[in-house]
Every structure is written in structure tokens, then in C-alpha cells.
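Residue numbers (the numbering used here), protein chains in the order written: chain V, 73 to 553; chain B, 12 to 449.
So, in C-alpha cells, the structure goes:
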């Protein structure tokens with residue numbers, strides 16, 4: 073790293089404005105814009121087989137016919153998709169020599185979250201010595217997984233090493249022409265994870281928790297495919313609580329889950345991307361398509377904690393195809409300052425005796441807008457479908473908004489659907505009670521918010537629950553009083 | 012020729028009998044332009060997602076019925092609330108019928124829209140109220156506005172209690188094979204006044220009739236209005252009802268909608284608040300069978316602090332019927348201390364029946380209490396078994412449970428004779444005679 077102090081200084085000064093698009097043209101970067109040639113080049117670069125290239129191109133042609141969706145309750149300037157470079161070599165992040173040079177605010181946050189020094193370095197872009205614990209830890213775990221026959225690797229590796237699995241399942245839950253962003257992702261995705269759990273195997277660890285350091289900095293168009301074969305179990309964790317300052321403004325990820333008969337997938341997400349500054353400038357646009365397919369007696373459970381991003385557009389869904397399958401959705405969405413979130417779920421009941429539960433907690437503060445949008449659909453041939461939905465919103469301050477758009481469609485006389493939603497604020501009497509017992513207002517709010525979100529926090533894997541709890545506090549810091 | 016084109020081209024003929032210098036006429040011409048631009052709503056419109064007008068609008072309808080049908084009192088008497096002395100404004104095929112009606116100018120005005128539009132003494136009222144809250148951008152309302160000519164006009168002056176309820180009944184005689192009606196009602200209730208109104212659309216013979224009705228209701232300070240919509244028409248009749256209500260401070264407006272029959276019914280009910288401490292009530296019972304379709308689209312816009320709104324819609328659907336509930340609560344930033352509640356309960360009795368429900372909350376103020384609840388389910392088998400084990404036959408047991416289910420709405424009906432009538436209609440629908448009055 074031939075970095076002079078001069079350059080570093082310059083870097084730090086202009087840092088605030090740099091979160092937009094990547095501008096520094098390097099030798100290994102493709103020209104901006106999107107066309108057939110670029111897609112062929114991406115595919116070529118990754119050494120993909122022909123069927124994959126064709127698949128991408130098909131998605132690209134579908135995408136060209138589509139228009140950006142406008143129905144969501146969010147307002148933003150549409151990113152110019154022709155001004156992005158769709159492939160570039162791993163980005164050169166600003167490198168610092170030690171932690172003292174890193175933005176103190178960021179370090180403060182790390183400390184509050186209780187992240188280890190090594191992780192802190194990695195996350196903030198400080199050059200790290202290769203021989204850190206985590207790497208060896210990672211290797212050890214890879215071995216354990218391989219022993220059980222679990223495949224866990226990047227999607228590019230999977231396309232090369234396990235083409236039969238990828239070919240069979242990719243795009244089966246989210247077809248490339250599903251929606252505008254899914255089509256875009258299908259055409260240009262460059263990175264992502266692949267996971268396969270063989271029959272009857274219970275994955276011994278929370279996948280990806282231990283790998284999160286290595287996973288940091290995954291691409292802008294991420295593609296995840298998780299397949300749980302018959303009677304297997306996996307708990308998958310995506311994202312991390314640490315604030316990642318990503319340079320890409322647009323993120324359009326696709327996550328597909330497939331649960332075979334009697335399998336169970338638990339997918340937890342903690343998302344804390346750069347939400348823009350206090351005036352609402354900048355910030356990441358997070359347009360994600362997530363969907364799971366449940367076969368007979370299987371279960372998919374989505375848990376998400378959304379605190380980052382300027383604009384969130386995300387509806388993790390379950391297609392309950394098999395009889396007796398179960399879909400769950402637990403969500404906390406926190407918006408502050410000028411953030412906007414339009415998030416929720418879809419539960420499509422196709423099989424008989426299917427059940428679904430939706431618990432959504434929205435917290436809005438500052439000037440933010442927080443929407444829940446969900447669909448519960450029961451087909452006419454589905455017997456004994458059962459759904460319970462609960463959407464609660466908490467408003468803090470008088471400049472924010474909380475919205476609920478539930479769609480409930482039932483065509484069966486054996487369906488049981490219940491939906492309830494409430495909107496309220498933190499009671500002054502509650503805060504007064506806490507104050508009276510010597511708890512200051514900020515702490516009191518944290519306490520009340522935690523209580524409000526408890527039902528969802530409880531669903532997170534243990535260690536994440538603790539971090540997520542702290543994250544809630546930090547996200548709402550300074551929003552009241 | 013497409014029906015839309017016909018509507019637009021017929022306007023010239025319609026214009027001939029009108030005073031073109033009138034300011035109302037500008038409103039009409041403007042509204043027609045909007046309709047021409049927008050056309051009929053399609054399923055692509057978010058508010059029409061679950062209701063399609065396709066089956067209705069690809070037909071030819073006559074807009075101006077030619078002959079005046081002769082209808083005698085004995086034919087229609089059963090549709091009146093006969094045991095209550097009421098004011099009546101009766102229309103047959105869109106034309107006012109003076110023999111059946113019972114209008115008044117004594118202390119309050121219960122008369123005709125056409126009279127209000129043409130007589131100079133109503134000029135001020137028309138100027139300040141006509142088409143003031145009906146939104147410009149809704150194509151069906153615009154269509155009605157462009158052909159606005161006839162309907163009921165009700166003006167209740169300050170500190171007046173209307174002694175008798177007012178009945179507005181639109182009959183369609185069936186003389187014309189297919190008929191498109193567009194009644195326009197204007198109701199103004201001045202300060203400290205009170206009125207009860209019953210509105211009904213009824214076809215006397217099986218024939219295809221579509222009514223696209225617009226009603227504007229202005230409720231001034233401390234006024235009270237109780238509005239009942241009875242929708243129990245033949246299965247060949249369709250109704251698109253657009254009702255807009257503006258309330259001022261301390262007023263109370265309640266609308267009960269009983270949808271018991273018809274081919275397609277769409278109820279657009281919108282409330283606008285112009286003062287504090289307003290109470291708005293929206294209630295409905297829907298009981299359908301066959302291939303009937305009822306769509307309730309409600310919106311309460313809370314734009315002032317300290318107001319309250321209650322929505323309660325119950326639906327029972329059998330055979331292939333379809334029910335839609337699209338409820339919207341909007342709370343503006345300044346509307347602190349708002350209490351807004353919404354409830355939609357549905358029972359599906361048959362396998363082919365459908366319910367689509369979309370209860371929405373859009374809230375921009377923090378100190379509010381807002382909630383909504385929506386359920387879709389069946390009759391409780393255990394409760395049914397309990398009743399049957401006590402010797403109540405299955406049909407009657409089901410009927411009792413239906414009454415219990417709808418009771419929250421029925422119990423707030425203020426007119427005893429109306430309540431009795433609705434109970435009777437429900438009993439007939441369910442094919443039971445419980446042998447006692449509920």
C-alpha cells in the first residue's frame with residue numbers, strides 16, 4: 073500500500089461524498105452501461121458454462137421489456153442503471169494503517185456493538201494481517217461441514233463445481249422475469265452464496281455467522297441459493313450488525329430458498345447499510361427479492377432486522393406448496409432521519425393444512441416513512457389454511473409516518489385468516505414511570521422499544537439477538553428528547 | 012360504438028336542454044373532459060384491483076329513457092318504509108315522480124336537484140356546495156358530474172330537526188331493456204341540525220340497469236346525520252355508489268350500508284374532516300349468494316386533531332359470491348389525538364366464495380390510536396353443535412349465528428321500523444322464520 077499521508081488526508085476529506093458510484097476506472101473494470109456484450113463478458117470472466125450465459129441473457133432480455141416498479145410507498149431518484157459498471161475487480165477500499173485513522177464515530181458504534189478489534193479493522197478497511205483467528209476458524213468449520221456433506225460456497229464456485237444442483241434449482245423459486253430487480257440481478261449477478269444440505273442432515277452451526285468477516289464486501293448484485301434436502305435443517309444468517317459503509321448505491325439481491333419434504337430453513341437477516349446522512353443525502357437503495365418454496369411438512373422462517381439503507385424494498389415470501397407446510401415471517405424495521413422502508417411478506421397458501429404467521433414491528437422516527445405491505449393468499453382448492461398476522465407500528469416524533477397495506481385474499485371456506493394492526497406511540501406515562509425509577513429518558517425508550525420488538529428479537533439466533541438489541545438502541549439514538 | 016364513446020358523444024344532445032351560461036355547466040364540461048381522458052377504471056387501478064367493470068361497460072345502454080313508465084302505488088308500496096311517516100323523493104327511470112313523492116319546503120327543503128340547479132333562490136347553495144368535495148380525478152364521479160341534472164336535494168337549515176326520515180328511492184321500471192342511470196344528490200345539513208335519510212335503488216323487473224350515483228353530504232357544526240343505504244336489488248341490477256361526506260367540528264355522520272343483493276355493487280365512501288371533535292361512523296352488513304359481487308371502498312381522511320372514526324363491516328358469502336373490502340385510514344401530521352378503528356369480519360360459507368380484504372392505515376401523526384382488524388373464517392362448528400343439541404334445527408341455528416355476527420352493525424340502526432325491515436330481509440334471505448322479533 074503505497075499510500076502517502078497526503079493522499080490519505082485527501083481521501084478522508086472527500087470521503088463524505090464518495091459513497092455514490094465508483095468512479096476510479098481501473099484496468100479490470102468494464103465500461104459503464106449494460107448490454108449483451110457486458111453480460112457475456114461477466115459470464116466469461118467467471119468462467120461459466122454456456123447454459124449459465126444463456127440463462128443470464130434470457131433474463132437480460134426480459135429485463136429490457138420491464139419497467140421499474142412504482143407501486144411501493146417510497147420516493148427516491150431512480151438510479152441510472154446505464155451509468156454503473158457491472159463488473160469490477162475487488163474494490164480498493166480506503167486503507168488505513170491503524171484504527172486511529174478511522175472515523176471515530178464508526179469506532180464508537182463498533183464498541184457499542186461489542187465487535188472485536190480484529191473484526192473492527194476488517195470492517196472499516198484497515199489492512200489486516202492475514203493470520204487472524206477468524207481465518208483458521210473458517211477453515212476448521214469448512215472441514216466440519218464437508219464431513220457432513222454440506223456444500224457451502226460462493227455461487228460462482230457452485231456453478232463450476234456443482235452445476236447439476238445450480239442448474240436444477242436456480243430461478244425455480246424466483247424466475248428471472250419475476251420482477252424488474254430480480255431480472256436485473258439474474259442477468260448481472262457476480263457474487264453470492266450457495267448452500268446445500270443433504271438428506272437428513274442437521275447443519276451443526278449457524279451458517280455464515282462465523283464467516284461474516286469473509287463475507288463482508290460481497291457484491292452489489294448478490295445471489296443466494298439455499299437448498300435443504302429432505303428432513304434436513306439449516307439456520308442461515310445474512311448480513312451483520314456492524315454498519316457497513318458501502319460504495320454502491322443500488323443493491324439488488326436475490327435470495328431463493330428451497331425446503332424439500334420435512335426440511336426446515338431458518339433465514340435471518342440483519343441489515344445495517346449506510347442510511348444516508350441526517351439530511352437524507354446519499355444512502356443505499358436496497359431492492360431485494362427473497363422467496364422460499366416449502367414442500368410437504370417443511371418450514372421456512374424468515375427473521376429480519378432492518379435498520380439501514382435509505383430506501384428498502386423487500387418482501388421475503390413463502391410459497392406453501394406442500395401440504396402441512398409452515399411459513400413464518402418475523403420482522404423489525406427501524407427507520408430514522410430520512411429513511412424509507414416498504415417491507416413485508418407474501419404467504420401464498422397452495423397446499424392443504426398450511427399455516428403461516430406474520431409478526432411485523434415497524435418503528436419510525438425522525439422524518440422517516442415505514443410501510444408494511446403484505447399479502448396472504450389462499451387458493452380455492454386449499455383446505456384448512458391458517459394465517460395469523462400482526463403488524464404493530466411505533467411512531468416517535470411528529471414528522472414520521474407509519475403505514476400498513478395488507479392484502480388478504482381468500483377463496484376457500486375452510487381458511488382461517490386473522491389480521492390485526494395497531495399504531496401507537498411510546499406512552500408518556502411509561503417514560504415517566506421509568507424516569508421515576510431513575511432510568512433516563514433515552515434508556516427508557518431503548519427499554520420500551522426492546523419490549524416492543526421482543527417477539528421478533530427472540531427469534532434471532534442467540535448471539536445476534538444481543539447485537540440486534542444494541543443496534544436498535546443505536547439506530548434510534550437521539551431521535552427523542 | 013363503444014359505450015364510452017357513446018357517453019361522450021351523447022353529451023351534445025344532453026346539453027341542448029340546459030342553460031349553457033350557467034357556471035354549473037362549466038363544471039359539467041370540465042368533468043366530461045376528465046372522463047374522456049381517464050375512461051372507466053380498470054383492474055390496473057389500485058382501488059379497482061378486485062372489481063372489474065368489464066362485464067358492465069361493454070354493452071350498450073340507453074342514457075335517456077324515452078317513455079315515462081306508469082307505476083302505481085300498489086306496485087311499489089312494499090319498498091317504502093310504510094309504517095313510518097316519511098318524506099319521499101321518488102324517481103322512476105331517473106325521472107322524478109310527483110305522485111309517489113312527498114317533498115317539502117316547509118322549514119326544510121326536500122326537493123329535486125333539477126329545481127335547485129335552475130331556481131335562483133338556491134343559487135348560493137349550489138355555488139358553494141355543488142361538486143365541491145367530489146374529487147375531480149375520479150373518472151366515474153366525473154362522468155356523473157358531467158351528466159348531473161336530477162337527483163335529490165336536501166337542505167336542512169340551522170337548528171332544525173327533520174321530524175320525519177327522508178326516503179330517496181330510485182326505481183327502474185324495466186321498460187327499457189338496458190339502462191344507465193346517473194342520479195346526483197346534494198345534501199346540506201346546517202349547524203345544530205339533525206336528519207335521517209334512507210337511500211334505495213330498486214328495479215321492478217329483471218333487466219340490466221347500471222346506476223352510477225354520486226351523493227355529496229355537507230355536515231356543518233354540531234349537526235347530526237344518519238344515513239342508511241339499502242341495497243337489495245335484483246340480480247340484474249348493478250350499482251356504483253359514490254358518497255362524499257364533509258364534516259365540520261363536533262358533527263357526527265354515520266352511514267350504514269346493507270348490501271343484500273345485486274349483480275355488482277361498488278360503494279365508494281369518503282369522509283373529509285374540516286374541524287375538531289368529529290365522529291364518523293361507517294358500518295355495513297353484506298350477505299350475498301349466487302354470483303353477486305360487492306366492493307366496499309372506504310376512506311376516512313383525518314386532517315384535524317381530536318377526531319374519531321369507526322368502521323365495522325361484516326360479510327357473509329355463500330355460493331360463488333365475492334366480497335371486497337378496501338378500507339383506508341389516513342391521518343395527517345396535524346391530526347393528533349386521532350382515534351381511528353377499522354374492523355372487517357368475513358364468513359365464507361361455500362368453497363367457491365371469495366373475500367379480498369385490504370385494510371390500510373397511513374399515519375403521519377404520532378399521538379394517535381389506530382388499529383385495524385380483519386378476519387376470514389367460518390361458522391363455529393362447536394357453537395352450531397351446541398345450538399343443535401338444544402333442539403334448534405341447523406338452518407335456524409345458522410341464522411341465529413348470522414344475526415349474532417351482524418349484530419354490532421344492526422344494533423346501531425336508529426330507526427326501529429328500518430331495523431325490523433332489515434331483520435326481516437335477512438330472515439327471508441336465510442329462509443328462516445324464527446318466530447320472534449330480533
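Every residue gets a Cβ at the ideal spot worked out from N, C-alpha and C, and that includes glycine.
What does residue i reach in chain V if we use C-beta pairs closer than 7 angstroms?
i	result
residue 56 (chain B)	Those within 7 angstroms of residue 56 (chain B) in chain V number zero; the least Cβ separation is about 11 angstroms.
residue 380 (chain B)	496
residue 316 (chain B)	Those do not exist, as residue 316 (chain B) stays about 12 angstroms from chain V at its closest Cβ, beyond 7 angstroms.
residue 419 (chain B)	What residue 419 (chain B) touches in chain V: nothing, since even the nearest Cβ is about 17 angstroms away.
For residue i, return the contacting residues in chain V, with the cut-off set at a CB-CB distance below 9 angstroms.
i	result
residue 105 (chain B)	Per Cβ cutoff of 9 angstroms: no residues; residue 105 (chain B) is ~36 angstroms from chain V at best.
Can you give me the C-alpha to C-alpha distance between residue i and residue j, rounded to a whole angstrom?
i	j	result
residue 145 (chain V)	residue 414 (chain V)	6 angstroms
residue 132 (chain B)	residue 311 (chain B)	33 angstroms
residue 49 (chain B)	residue 150 (chain B)	6 angstroms
residue 511 (chain V)	residue 245 (chain V)	49 angstroms
residue 401 (chain V)	residue 430 (chain V)	5 angstroms
residue 285 (chain B)	residue 55 (chain B)	32 angstroms
residue 432 (chain B)	residue 467 (chain V)	45 angstroms
residue 95 (chain V)	residue 127 (chain V)	Its pLDDT being 34, under 50, residue 95 (chain V) is placed unreliably by the model, and the measurement read from it follows with that caveat. If I take the Cα positions, the gap works out to 29 angstroms.
residue 231 (chain V)	residue 461 (chain V)	38 angstroms
residue 153 (chain V)	residue 322 (chain V)	9 angstroms
residue 307 (chain B)	residue 420 (chain V)	24 angstroms
residue 100 (chain B)	residue 323 (chain B)	29 angstroms
residue 340 (chain V)	residue 131 (chain V)	28 angstroms
residue 167 (chain B)	residue 30 (chain B)	27 angstroms
residue 113 (chain B)	residue 123 (chain B)	11 angstroms
residue 75 (chain V)	residue 249 (chain V)	Since pLDDT at residue 75 (chain V) reaches only 48, below the 50 mark, its modelled position is unreliable, and the value read off the structure follows with that caveat. Their Cα atoms are separated by approximately 45 angstroms.
residue 281 (chain V)	residue 331 (chain V)	Low local confidence applies: a pLDDT of 46 at residue 281 (chain V) is under 50, so the model's placement there is unreliable, with the coordinate-based value given in what follows. Their Cα atoms are separated by approximately 21 angstroms.
Residue i: buried (16+ other C-beta within 10 angstroms of its C-beta) or exposed?
i	result
residue 184 (chain B)	buried
residue 264 (chain B)	buried
residue 236 (chain V)	exposed
residue 337 (chain B)	buried
residue 107 (chain V)	exposed
residue 325 (chain B)	buried
residue 274 (chain B)	buried
residue 233 (chain V)	exposed
residue 437 (chain B)	buried
residue 38 (chain B)	buried
For a contact defined as C-beta to C-beta under 9 angstroms, what are the partners of residue i on chain B?
i	result
residue 271 (chain V)	Under the 9 angstroms cutoff, chain B gives no residues; its nearest Cβ is about 37 angstroms from residue 271 (chain V).
So which residues on chain B does residue i lean against when the C-beta distance must stay under 8 angstroms?
i	result
residue 468 (chain V)	377
Could you work out which residues of chain B lie near residue i, taking near to mean beta carbons separated by less than 7 angstroms?
i	result
residue 456 (chain V)	Correct list: empty, because the minimum Cβ distance to chain B is about 10 angstroms.
residue 485 (chain V)	359, 360, 361, 362, 364, 389
residue 547 (chain V)	Those within 7 angstroms of residue 547 (chain V) in chain B number zero; the least Cβ separation is about 17 angstroms.
residue 440 (chain V)	Chain B residues near residue 440 (chain V): none, gap ~11 angstroms exceeds 7 angstroms.
residue 525 (chain V)	Neighbours of residue 525 (chain V) on chain B: none; closest Cβ ~18 angstroms, over 7 angstroms.
Could you tell me how far apart the beta carbons of residue i and residue j are, in whole angstroms, since I believe they sit closer than 8 angstroms?
i	j	result
residue 272 (chain V)	residue 226 (chain V)	Actually they are not in contact, since the Cβ atoms of residue 272 (chain V) and residue 226 (chain V) sit about 25 angstroms apart, beyond 8 angstroms.
residue 256 (chain B)	residue 282 (chain B)	5 angstroms
residue 1 (chain B)	residue 157 (chain B)	Lying outside 12 to 449, the shown extent of chain B, residue 1 (chain B) is not represented and no answer is given.
residue 177 (chain B)	residue 120 (chain B)	Between residue 120 (chain B) and residue 177 (chain B) the Cβ distance is about 11 angstroms, and since that is not below 8 angstroms, they are no contact.
residue 357 (chain B)	residue 328 (chain B)	7 angstroms
residue 548 (chain V)	residue 437 (chain V)	6 angstroms
residue 540 (chain V)	residue 342 (chain V)	6 angstroms
Who are the neighbours of residue i on chain V, taking C-beta pairs under 8 angstroms?
i	result
residue 450 (chain B)	Chain B is shown from 12 up to 449; residue 450 (chain B) falls before or after that span and cannot be answered.
residue 385 (chain B)	478, 480, 489, 490, 491, 492
residue 371 (chain B)	475, 476, 477, 478
residue 113 (chain B)	Near residue 113 (chain B) there are no residues of chain V at all, since even the closest Cβ is about 44 angstroms away, more than 8 angstroms.
Can you tell me whether residue i sits near the ligand MN, meaning its C-beta is under 7 angstroms from at least one heavy atom of the ligand?
i	result
residue 436 (chain V)	The model on display carries no ligand, and the ligand MN is accordingly not part of it.
Task: At least 3 beta-carbon pairs within less than 8 angstroms: the region 488-498 of chain V vs the region 67-83 of chain B - done: no
TODO: Please determine if the region 198-205 of chain B and the region 80-88 of chain B are in contact, where contact requires at least 3 C-beta pairs separated by less than 8 angstroms.
DONE: no
TODO: Assess, as a yes-or-no matter, whether the region 415-428 of chain V is touched by the region 382-391 of chain V under the definition of 3 or more beta carbon pairs within less than 8 angstroms.
DONE: yes
Open item on the list: Closer than 8 angstroms is the cut-off here; do at least three beta carbon pairs connect the region 528-547 of chain V with the region 409-428 of chain B?
Closed with: no
Task: Contact the region 439-451 of chain V vs the region 476-490 of chain V: 3+ CB pairs below 8 angstroms - done: yes
TODO: Would you check if the region 262-277 of chain V and the region 375-388 of chain V touch, i.e. whether three or more CB-CB distances between them fall below 8 angstroms?
DONE: no
Task: Any 3 or more C-beta pairs closer than 8 angstroms across the region 267-278 of chain B and the region 290-298 of chain B - done: yes
Task: the region 135-150 of chain B touching the region 15-25 of chain B, judged by at least three CB pairs closer than 8 angstroms - done: no
Task: the region 346-366 of chain B in contact with the region 383-398 of chain B per 3-pair CB rule at 8 angstroms - done: yes
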